[in-house]
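Peer 1: Before I ask anything, here is the structure I am working with.
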Amino acid sequence: SLASALGSAPHVTVKRVAGGRVSNHLVDHAKVGDVLQARGPSGVFTVAPNPSASRELLLVAGGSGITPIASIAESVLAAEPKSRVFLVFGNRAREDVIFRERLAALQARHGQRFVVEHVLETTTDGTPGRLDAITQRVRIEALGVELSRVEVFVCGPTPVMEAAREATRALGIPSERVHEERFTSPEQRTAVVMPRGPQTVLVTLGGTKRQIAQQEGQTLLEAGLAGGIPMPFSCAMGGCAACKVRLVDGDVVQEEPNCLTTAERDAGFVLACCSRATGPCAVEVP
Numbered sequence: 028s029l030a031s032a033l034g035s036a037p038h039v040t041v042k043r044v045a046g047g048r049v050s051n052h053l054v055d056h057a058k059v060g061d062v063l064q065a066r067g068p069s070g071v072f073t074v075a076p077n078p079s080a081s082r083e084l085l086l087v088a089g090g091s092g093i094t095p096i097a098s099i100a101e102s103v104l105a106a107e108p109k110s111r112v113f114l115v116f117g118n119r120a121r122e123d124v125i126f127r128e129r130l131a132a133l134q135a136r137h138g139q140r141f142v143v144e145h146v147l148e149t150t151t152d153g154t155p156g157r158l159d160a161i162t163q164r165v166r167i168e169a170l171g172v173e174l175s176r177v178e179v180f181v182c183g184p185t186p187v188m189e190a191a192r193e194a195t196r197a198l199g200i201p202s203e204r205v206h207e208e209r210f211t212s213p214e215q216r217t218a219v220v221m222p223r224g225p226q227t228v229l230v231t232l233g234g235t236k237r238q239i240a241q242q243e244g245q246t247l248l249e250a251g252l253a254g255g256i257p258m259p260f261s262c263a264m265g266g267c268a269a270c271k272v273r274l275v276d277g278d279v280v281q282e283e284p285n286c287l288t289t290a291e292r293d294a295g296f297v298l299a300c301c302s303r304a305t306g307p308c309a310v311e312v313p
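Here it is, written out as structure tokens:
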């Protein structure tokens with residue numbers, strides 16, 4: 028995810044993870060002048076700033092989940108003088124807070140239009156705090172957010188994401204106004220019965236129809252890519268919705284939970300990266 032605001036030089040943020048192949052390689056070996064290949068831009072975890080807008084944004088981040096959240100906050104604050112942004116940010120300790128100075132500068136610049144609530148597991152006074160559902164609900168209510176019109180954006184570890192879903196549901200915020208981006212796949216997913224044998228899938232992309240064979244064990248995305256269809260994707264674990272397709276005919280089994288909203292499900296969308304056809308089916312790439 029881009030951590031940069033609109034109008035600034037694009038950049039990403041890398042946090043070293045114990046045993047992480049990519050993060051450790053980049054931190055230890057990447058240098059000025061290196062050229063890195065990247066896929067994108069993709070995904071739907073975005074906000075289109077509108078100078079005439081007057082809205083309430085609630086941002087919930089855990090750890091390195093602040094990277095896209097900071098981009099959204101800074102972009103909206105700069106472009107929408109009548110909008111307010113609220114951030115609930117969870118970390119282990121003060122020294123683990125990514126963008127601490129950047130967030131403080133935004134607070135100083137925008138005053139009450141940008142309110143930040145830090146939740147630390149380890150504090151100087153010894154009172155621990157975790158970004159669980161109860162904590163999130165209490166903090167959100169204390170911020171004075173207009174729940175009737177707030178848009179929520181959540182990014183962080185799976186427990187933070189699940190707690191945010193529970194907290195926003197308890198506060199009566201409709202699921203279609205809660206947007207998620209996952210950096211990791213859920214720790215526990217519902218067990219699905221894997222379809223046996225190959226299945227025929229008709230894929231429509233850009234007005235062109237192609238028939239492919241989904242081999243046993245393959246997802247719709249894997250089958251499409253293997254069949255030479257340039258289907259869009261990004262995280263490939265159900266966390267960004269870049270791979271969503273509309274199920275036109277037939278049935279699929281889909282791993283849960285994932286980032287699809289209720290509105291997207293009602294419109295017939297499934298995620299190609301974690302869905303498998305159970306028989307002949309047809310999908311359309313939007």
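Using the numbering used here, the first residue of the sequence shown is number 28, and each one after it goes up by one. We put the CB at the ideal spot given by N, CA and C, even for glycine. Fair warning: this is a prediction, and the values are worked out from it, not measured in the lab.
Which residues bound the beta strand (DSSP E) around Glu-144?
Peer 2: Here the beta strand (DSSP E) through Glu-144 covers 141-147.
Peer 1: If the criterion is Cβ atoms closer than 8 angstroms, does the pair Ala-294 and Leu-248 meet it?
Peer 2: Against a cut-off of 8 angstroms, the Cβ pair of Leu-248 and Ala-294 comes out as no contact.
Peer 1: What number of angstroms, rounded off, separates the C-alpha of Thr-231 from the C-alpha of Gly-138?
Peer 2: Each residue's alpha carbon lies about 49 angstroms from the other.
Peer 1: Measuring only the C-alpha atoms, how far is Ser-261 from Arg-66?
Peer 2: Computed Cα separation, rounded: 7 angstroms.
Peer 1: First and last residue of the beta strand (DSSP E) that includes Gly-183?
Peer 2: From DSSP, the beta strand (DSSP E) with Gly-183 extends over 178-183.
Peer 1: My output table needs one value for Leu-133: the three-state DSSP class, helix, strand or coil.
Peer 2: In this structure, Leu-133 counts as helix in the three-state DSSP scheme.
Peer 1: In its own chain, which residues sit with a C-beta less than 6 angstroms from the C-beta of Lys-271, not counting the 5 before and 5 after it?
Peer 2: Around Lys-271: Phe-296 and Leu-298.
Peer 1: Quick check: the stretch 99-115 against the stretch 76-83, are at least 3 beta-carbon pairs closer than 8 angstroms?
Peer 2: Result yes; three or more Cβ-Cβ pairs closer than 8 angstroms.
Peer 1: Suppose contacts are defined by Cβ-Cβ distances below 8 angstroms. Is Gln-238 in contact with Thr-227 by that definition?
Peer 2: Contact: yes.
Peer 1: Which stretch, first to last residue, makes up the alpha helix (DSSP H) that contains His-52?
Peer 2: Note, His-52: alpha helix (DSSP H), 48-56.
Peer 1: Let me know the alpha helix (DSSP H) ranges lying completely inside the stretch 211-289, each 4 residues or longer, listed in chain order.
Peer 2: You should have 247-253.
Peer 1: Quick one: what does DSSP say Val-103 is sitting in, helix, strand or coil?
Peer 2: In this structure, Val-103 counts as helix in the three-state DSSP scheme.
Peer 1: In terms of residues, what are the limits of the alpha helix (DSSP H) holding Glu-168?
Peer 2: Unbroken alpha helix (DSSP H) run through Glu-168: 160-170.
Peer 1: For the pair the stretch 155-169 and the stretch 192-205, tell me if three or more CB-CB distances fall below 8 angstroms.
Peer 2: The stretch 155-169 is in contact with the stretch 192-205.
Peer 1: By Cβ distance below 6 angstroms, which residues in the same chain neighbour Gly-70 in space, the five residues on each side in sequence not counted?
Peer 2: Result list for Gly-70: Ser-261, Cys-267 and Ala-269, in chain order.
Peer 1: Go through its chain and collect everything with a Cβ distance to Gly-171's Cβ below 7 angstroms, but skip five positions before and after it.
Peer 2: Correct list: empty, nothing qualifies.
Peer 1: Looking only at its chain, what residues have a beta carbon closer than 6 angstroms to the beta carbon of Gly-92, apart from the 5 residues adjacent to it on each side?
Peer 2: So the list reads Cys-182 and Gly-183, once near-sequence residues are dropped.
Peer 1: Considering Cα atoms alone, identify which of Arg-111, Arg-140, Val-146 and Val-187 is closest to Arg-127.
Peer 2: Selected option, being the one with the closest Cα: Val-146.
Peer 1: Strictly by DSSP, which residues pair up with Leu-84?
Peer 2: DSSP lists Val-112 and Glu-178 as partners of Leu-84.
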